[in-house]
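Notes to accompany the following structure.
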Amino acid sequence: MKVLRWSRLLSKTAVLIFVCGATYACDEFLDAPPQGALDEGTLANQDGVEGLLLAAYRGLDWNGASGFEWSHSASNWAFGSIPSDDAHKGSTAGDQLGAQDIQNYNWSTGEADDYLNGRWQALYDGVVRANAVITLLNKVVDADPDEISDADREGIRGEALVLRAHYHFELWKMWENIAYYTELDTDTRKSNEGVDVAGSLISDLDEAAGLLPATQRYGDVGRVTSNTALAYKGMVQVYAGDYAGALTTLRPFTTNGVYALESDFSKVWTGFPAFSNGLETILAYQASANDGAPDGNNANYGERLNFPNGGPFGCCGFHQPTQNLVNYFRVDANGLPLALSDPAGWNNVDTEWDAAASGAVAFDPRVDWTVGRDDVPYKDWEVHQAGWIRDVAHAGPYSPKKTAYESGSGAVSNVGWVNTQLSSMNIHIYRYADLLLLLAEAEVEAGDLENARAIVNQIRTRAAVAAQGPVGGPLAVPIDDPSITWANYQVGQYTTPWTDPAAARAAVQAERRLELAMEGKRFFDLRRWGIAETVLNNFLGTETAAAGRGSATSGAQAFASKHLLYPIPSLQIELSKVADESGNLVDRLVQNPGWAVAP
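For the sequence shown, this note's numbering assigns the number 73 to the initial residue and increments by one for each residue that follows.
Structure, rendered in structure tokens:
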């Protein structure tokens, strides 16, 4: 089985894409002949088109071409995780001030604006790459209809459409009011007002589903398929509030066998090649290490800060789980989330949950697949230690764990600055557990509460299969294995029929947090559920240095309605200006509500 790797760009085609500094919103230099433009004489063949398509895939993570490294990670931790109750920025107070301001809702600063501009630029760079594939494909086919087979022509276009939809979807999640670009657009300063983004996403994904095969072209694991397009369509429908449409799209995946939950959680986030594109993978960034790239940049570069600052990794202590998140993994006597059965008391512990404190306490075992805790095994390395934290007083005692590769996986890069931060561990963008929980949401909103209960219980059944094993032993062991001394793991089922929509909705939302914690989903979930202001202001009220949880949020603004959408970067608004009939410059990009004064 072959795996789609970005290093193939080096051997297949030297692709140089000219993209202006801020992508679609560009200045007058567009009128000048571009430096490093596509040489269509060289690329006007199938190899050229396929190479350009690989470049479009490469945009799923930071690639050195555009955007800040950390603002364009595949997991979107900077905008989907640290502004939520899942994680702090981590590190120290003075490190990466842009991320600090994103975390604390100070989005009008220049540092935050830089981070936002990096994300905007990188995502529209991905759109440009996808559209460039379609444009070149059309030119090659027009010039020589026999150069590319019908199957490959349809497959190339379909893959590019899925990628174009993905990049626009990420933009839509962040800013909502965006321009949607296709290969037919010649106006690089389109307005973002009145755009039916969801409709355009569905249109692209529907077309892609009709063009793509059900399995990856050439057997390249990592390529998108018709199933990817349909699964992605269902996600868009849930985000758009089209629950009836989502049921039609997503229900077949529960029976058609295309995707499935991994047998246990150790196989979900892993650097072991045997599981890196497993049953659960719908779309993942295909990281590559030790492939000849001298700087290691084909690895999962966007996550490189997110390791313990000490121990075997060396740097850098970002994306630290919160006390709030660890508390959320506690369960009641029935093995169900304590946050549901004791809403007033579940978050009342302020002291560190190290192994000694948690040994007799009932936890969902996913806590130790998600969070590094002191004296608890950190995958197959050693026990997590206090010295691994850069500044406990700032961001607390916990480390991220999901995106850390295993010692025995062989995934680590041999090159690059602090090479131990780089690996070939793939980064999930969309996985089957996410799909199931989106479907459960749609079932609740459609009134099919028992269907939702069955889905949530399926997720919980897998969670109960195995826990983090001891150092020197198997990575995963049964949750009641006597070697486990750092928690009393329990995962119960919802055995009583669901009849109350509000309670069912809360249970599904709780399960999404437990299952997808630290995966860059939480902030966008809270926003679309309409509970962000309440949840996040409650979080700010409890996650304080006075409570012993660190000072990370001490400079935070209260979360307000304007924070439901990120401000459009000031540079992009400036670059969108066009002259009206009187010669006056007017903005084609309109700022989001509450951010009328550009940062």
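From the three backbone atoms N, C-alpha and C, an ideal C-beta is built for every residue, glycine too.
{"query": "To the nearest angstrom, how far is it from the Cα of ASN178 to the Cα of GLN168?", "result": "14 Å"}
{"query": "Indicate the three-state DSSP secondary structure (helix, strand or coil) for ARG261 in the structure shown.", "result": "coil"}
{"query": "Roughly how many whole angstroms lie between the Cα atoms of ILE527 and ARG600?", "result": "21 Å"}
{"query": "Quick one: residues in its chain with C-beta nearer than 8 Å to the C-beta of SER654, no 5 flanking neighbours on either side, listed in chain order?", "result": "none"}
{"query": "Beta-carbon within less than 8 Å of ALA576's beta-carbon, same chain only, minus the 5 sequence neighbours each way: which residues are those?", "result": "VAL516, LEU521, ALA524, ARG525 and TRP570"}
{"query": "The beta strand (DSSP E) with ALA356 in it runs from where to where?", "result": "353-357"}
{"query": "For ASP463, which residues from the same chain have a beta carbon less than 6 Å from its beta carbon, with the 5 sequence-adjacent residues on both sides left out?", "result": "THR164"}
{"query": "Alpha carbon to alpha carbon, how far is LEU256 from SER298? Give it in angstroms, no decimals.", "result": "23 Å"}
{"query": "Unbroken beta strand (DSSP E) runs of length 3 or more, entirely within the region 545-621: which are they?", "result": "none"}
{"query": "Roughly how many angstroms lie between the CA atoms of THR321 and LEU283, to the nearest whole one?", "result": "17 Å"}
{"query": "ASN419: which of GLY190, TRP425 and ALA411 sits nearest, CA to CA?", "result": "ALA411"}
{"query": "Give me, in chain order, the residues of the same chain whose beta-carbon lies closer than 6 Å to that of GLN107; leave out the 5 immediate sequence neighbours on both sides.", "result": "Because GLN107 carries a pLDDT of 40, less than 50, the predicted location of this residue cannot be relied on, and the following value inherits that uncertainty. So no residue of the chain qualifies."}
{"query": "Determine the DSSP secondary structure at PRO105, reduced to helix, strand or coil.", "result": "Its pLDDT being 40, under 50, PRO105 is placed unreliably in this model, and the value from its coordinates should be taken loosely. Looking at PRO105 - three-state DSSP - the assignment turns out to be coil, as it is neither helix nor strand."}
{"query": "As a quick exercise: from VAL439, LYS593, ALA604 and ALA512, pick the residue whose alpha carbon is nearest that of ALA316.", "result": "ALA512"}
{"query": "What does PRO472 pair with, by DSSP beta-bridge criteria?", "result": "VAL443"}
{"query": "Cutting at 7 Å between CB atoms, please list the residues of its own chain near VAL330, excluding the five before and the five after it.", "result": "ASN299"}
{"query": "Buried or exposed for SER221, please, with buried defined as at least 16 other CB atoms from any protein chain shown within 10 angstroms of its CB.", "result": "exposed"}
{"query": "So what does DSSP say about PRO639, is it helix, strand or coil?", "result": "coil"}
{"query": "With DSSP collapsed to three states, give me the class of LEU657.", "result": "strand"}
{"query": "Straight-line CA distance for ALA604 to ALA150?", "result": "17 Å"}
{"query": "Can you check which of these residues, LEU377, ARG402, ASN406 and VAL484, is closest to CYS387 by C-alpha distance?", "result": "LEU377"}
{"query": "Can you tell me the Cβ-Cβ gap for TYR239 and LEU195, rounded? I've got them flagged as a contact below 8 Å.", "result": "5 Å"}
{"query": "Return the CA-CA distance between TYR561 and ALA579, expressed in angstroms with no decimal places.", "result": "19 Å"}
{"query": "I need the boundaries of the beta strand (DSSP E) containing HIS238, first residue and last residue.", "result": "That residue, HIS238, is in no beta strand (DSSP E); its alpha helix (DSSP H) goes 222-247."}
{"query": "Just the Cα atoms here: how many angstroms apart are VAL433 and ARG402?", "result": "8 Å"}
{"query": "Can you tell me which of PRO437, GLN392, VAL448 and ILE274 puts its alpha carbon nearest to the alpha carbon of TRP558?", "result": "VAL448"}
{"query": "Touch check for the region 136-150 and the region 208-224: three-plus C-beta pairs under 8 Å?", "result": "no"}
{"query": "Which term fits ASP218, buried or exposed, when burial requires 16 or more other beta carbons within 10 angstroms of its beta carbon?", "result": "exposed"}
{"query": "Give a yes or no on contact between the region 455-474 and the region 391-408, applying the rule of three or more CB pairs nearer than 8 Å.", "result": "yes"}
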